[in-house]
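Counting with the working numbering, you get residues 45 to 221 for the letters of the sequence shown. A virtual CB, placed ideally from N, CA and C, is assigned to each residue, including glycine. Take a look at the structure below.
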Amino acid sequence: MEPVEINAGAYYLRQLRADRHLDDRPALMEAFADPEHRRYVLNYRLRTPDEATEYVTLRTAQWACAERCSWAVAEPTTGRLLGEVGLRDLDLTFGTAEASVWTHPAERGNGIAVTALSAAIRFGFGGLGLREITYRHLASNTASAIVAQRCGFTRIDVAEQPSPAGEPLVRWVRKPG
């Protein structure tokens, strides 16, 4: 699948980049160095430019094999990275995916996550024909709960099995409409 850019109003969603025109790696390393970010995003460590390059390359490969749609949330006039939003674990046969979003520490509290995730959800239902999008977060991540509510998700439950962080996961679901 080819990456798609999305006009999200105050922001635009584009593929992560690390080229001579636009380089998201410094902002990625800043975000992933933040203690709060590391607390909630457990699967990745981006401490060096090489690790950030691998991350950008991974996201490109995931688009290509229709495994994950991942967008840099960007400031429209400069292209500056403000966060990332995605639809992962794509199953186009069954019409399902799981949403994810994070915001750069310097940009938290500005409504970026809600705007970006809402745009990604619209693309998932309208552009990909998804029938269900789930969302999950650690129970202590109250900001993620607010994002889920504002994006129209319905809380399903709290997982009985703790997450790799040793904390319960809250699960949400959203259908088209």
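- A straight line joining the alpha-carbon of K219 with that of R112 spans about 19 Å.
- Taking C-beta separations shorter than 6 Å and ignoring five residues to either side along the sequence, the partners of A157 in its chain run V145, T147, V191, following chain order.
- Of the candidates V214, D67, A189, the residue whose Cα lies closest to the Cα of L161 is A189.
- Distance check between E151 and each of H181, E119, G196, A164 places E119 closest, using alpha-carbon atoms only.
- Closest by C-alpha distance to G173, out of R89, H181, F138, is F138.
- If you draw a straight line from the Cα of F197 to the Cα of A52, it comes to about 19 Å.
- Here the alpha carbon of M45 sits roughly 12 Å from the alpha carbon of S114.
- Taking C-beta atoms as the reference points, L131 and G168 count as a pair closer than 8 Å.
- Note that the C-beta distance between S184 and E142 is not below 8 Å.
- Annotated three-state conformation of R64 is coil, per DSSP.
- Here the C-alpha atom of L125 lies approximately 25 Å from the C-alpha atom of T178.
- Residue burial annotation: G221 is exposed, with fewer than 16 other C-beta atoms found within 10 angstroms of its C-beta.
- Note that the C-beta distance between A96 and R69 is below 8 Å.
- I200 and G127 have their alpha carbons spaced roughly 26 Å apart.
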